[in-house]
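There are 2 protein chains.
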Amino acid sequence: MQQQLAILGPGLLGGSIALAARARGGFGVSLWARRPEAVAEVERLQIADRATSDLRAAVADASLIVLCVPVGAMPALAAQIVEVMPVDAIVTDVGSVKGTVCAELAAIFRDRGRFVGSHPMAGSDQTGIAFARADLFAGAAAIVTPRADSDPAALAQVAAFWELLGARVLQVAPAEHDRIVALISHLPHLLAAVLVETVASEDPAAFDFCGPGFRDTTRVAGGPPAMWAEILRTNSTAVRAATEALIEKLRGIATLLDRDRPMTEFLTQAKTQRDRLRLPKTPHA
Amino acid sequence: MQQQLAILGPGLLGGSIALAARARGGFGVSLWARRPEAVAEVERLQIADRATSDLRAAVADASLIVLCVPVGAMPALAAQIVEVMPVDAIVTDVGSVKGTVCAELAAIFRDRGRFVGSHPMAGSDQTGIAFARADLFAGAAAIVTPRADSDPAALAQVAAFWELLGARVLQVAPAEHDRIVALISHLPHLLAAVLVETVASEDPAAFDFCGPGFRDTTRVAGGPPAMWAEILRTNSTAVRAATEALIEKLRGIATLLDRDRPMTEFLTQAKTQRDRLRLPKTPHA
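These protein sequence lines map, in sequence, to chains A and B.
Position in the first sequence (from 1) plus 1312 gives the number in our numbering.
Position in the second sequence (from 1) plus 1312 gives the number in our numbering.
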């Protein structure tokens, strides 16, 4: 039997989930967008079976609902759908911060629906549905973040859904998720922006000399500013701790700049760790 | 008339220069490697017209010689070739640090040969001749670094050579070069390694959760450690200054983590600068 999937939010992730689910088969996909122009674009790109700006129509028959809007917009959206969706619908999301957001959403879906948070590590600086692709999640980590009160069957189904889209699923509690992504995503984002702005302050003419190293090191700084400011604020405690840890490490390493052997050892350690990473092979950008 | 090009050093850059020059036509290309296995690989990959471990044979008829060995090995190699190369040969290099190195090389080639330093911004963490490609320099910045005593005709020919390979040429003095690349290459390299090691110290299990952002932000940390330790040491003063500037900026920005509007403004500035960069479109890694 076909499963009814409702995706709320027509961005890179929402569009890619729609494409991946349809490529996999077995889903009827509704994609909701607030703006009529976004609905028209979804229709034009033929990304979903049904595109609509009518929230009730999008979720009325859904067995799985995926919230793909910025984290700050999720509670209000959740409050709108909770009364009009099927009482046993499973709800997940793709938000980059989990602690407070999962608590708010779990409260909203306490009596209707079963909520389990998700965070697929598959974003890009190329946002927008035009960059959506069916293989965005292939080989990517999809983090699912159950709370103590999460429904085990819903957790299993959300995990199975990400696996179906090609992701490898990792499971951690929301607070643990936030500490981890502060290190591997939020701090790197902040650093990329700070690196760009350091060059801008010290010598803007230097930008003209940049090579592929600078391009890749700063790629994420091309991401949407308002969305990232919200992510950083929502996870500010963990990001601040990660930033302090990095500054301390950087200060220590800077004392080795004149010493070939300890610096080689340090860079060898870093290279060994980096070479070991399980990362999607093809750059998305 | 065919120009005789001698490339000394069989790495990614040396091999790519050979491939690019041959693709362009008009060059007879000799590639020198110290190790017989490297000579055999150049022959197997058919990258040059002549592969040899005989330095004298490589440079005897060269009109243009390109030093493609690590910066620390350049003065000794230069001292070996200066007596056996044509007296009017033009010599350049691909080293990542220019101040002290250009001074040493200019002294060695004062009476024989005409030296002008170069630095093509086209490296990769994928080192080795197996990754060499004819289009490595397409759209890349090639920095030429004449000194006050450099021969103007040699400077023009070195610049024309890089343009022939598809690069856009930028010209600055050696000390200025070192200050610039400290900001856009050496600091980013150090940061990438420090970011990896910060995660390793704080929570090595977090590596398993990484997405494409972490992959790209840390890509350069996969580069050869000994070569990079040497680069960082040779340019340590400028790298230290760039590191201090970044830490100061990072500390300032960390105070904005809880404030959406100023953080959005900061990230918007960074994105605007980043989006403006003239960078090679295709990632090399």
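From the three backbone atoms N, C-alpha and C, an ideal C-beta is built for every residue, glycine too.
Small disclaimer: the values here were computed from a predicted structure and weren't measured.
Take the Cβ of A/Ala1472 as the centre, count every other Cβ of all protein chains shown within 10 Å, and call the residue buried at 16 or more, exposed below. exposed
Once you ignore the five residues that flank B/Ala1418 on each side, which residues in its own chain have a CB closer than 7 angstroms to its CB? Only residues of its own chain outside the window of five on either side were considered, and among them Phe1427, Arg1459 and Asp1461 have a CB closer than 7 angstroms to the CB of B/Ala1418, listed in chain order.
Which of helix, strand or coil does DSSP assign to A/Ser1497? helix
Neighbour-count burial assignment, A/Ser1513, 16 or more Cβ in a 10 Å radius: Exposed.
Name the DSSP bridge partner or partners of B/His1431? Beta-bridge pairing links B/His1431 to B/Ile1455.
Other residues of its chain near B/Gln1316: CB distance less than 6 angstroms, five sequence neighbours each side excluded: Gly1340, Asp1373, Ala1374 and Ser1375
Mind listing, in chain order, the continuous alpha helix (DSSP H) runs of no fewer than 4 residues lying wholly within the region 1324–1359 of chain A? 1324–1336 and 1348–1357
Taking the alpha carbon of A/Pro1486 as the point to measure from, which residue in A/Gly1411, A/Thr1567, A/Thr1364 and A/Leu1569 has its own alpha carbon closest? Per the Cα distances, A/Gly1411.
Report yes or no: is there a C-beta of chain A within less than 8 angstroms of the C-beta of B/Ala1597? For B/Ala1597, the predicted model reports a pLDDT of 37, less than 50, meaning its position is unreliable and no value from the coordinates is stated.
Pairs of beta-carbons, one from the region 1549–1557 of chain B and one from the region 1530–1541 of chain A, closer than 8 angstroms: are there three or more? Contact between the region 1549–1557 of chain B and the region 1530–1541 of chain A is absent: fewer than 3 CB-CB pairs across the two stretches fall below 8 angstroms.
Under 7 angstroms (Cβ pairs) to chain B, residues found in the region 1456–1485 of chain A: Leu1482
Contact between the region 1573–1580 of chain A and the region 1514–1529 of chain A is defined here as three or more beta-carbon pairs at a separation below 8 angstroms; is this criterion met? no
My output table needs one value for B/Val1378: the three-state DSSP class, helix, strand or coil. strand
When you compare the CB of B/Ala1566 with every CB in chain A, is at least one pair closer than 8 angstroms? yes
Does the distance from the C-beta atom of B/Leu1448 to that of B/Ala1332 stay below 8 angstroms? Contact: yes.
Verify the CB distance criterion: does A/Ala1582 have a CB-CB separation below 8 angstroms to chain B? yes
C-alpha distance - A/Ser1328 paired with B/Trp1344, whole-angstrom precision: 49 angstroms
Roughly how many whole angstroms lie between the Cα atoms of B/Ala1582 and A/Thr1510? 9 angstroms
Could you give the distance in angstroms between the alpha-carbon of B/Asp1463 and the alpha-carbon of B/Val1403? The straight-line gap from Cα to Cα measures roughly 11 angstroms.
Answer yes or no: does any C-beta atom of chain A fall closer than 8 angstroms to that of B/Leu1562? yes
Residues of its chain near A/Arg1590, where Cβ-Cβ distance is below 6 angstroms and the 5 sequence neighbours each way are ignored: none
For B/Thr1555, which residues does DSSP report across the bridge? Answer is none; B/Thr1555 lacks a bridge partner.
From what residue to what residue does the beta strand (DSSP E) around A/Thr1364 run? Here the beta strand (DSSP E) through A/Thr1364 covers Arg1362 to Thr1364.
First through last residue of the alpha helix (DSSP H) which encompasses A/Arg1480: Taken as a continuous stretch (DSSP letters only), A/Arg1480 belongs to no alpha helix (DSSP H), being part of the beta strand (DSSP E) at Arg1480 to Gln1483.
What would DSSP say about B/Val1403, mapped onto helix, strand or coil? Strand.
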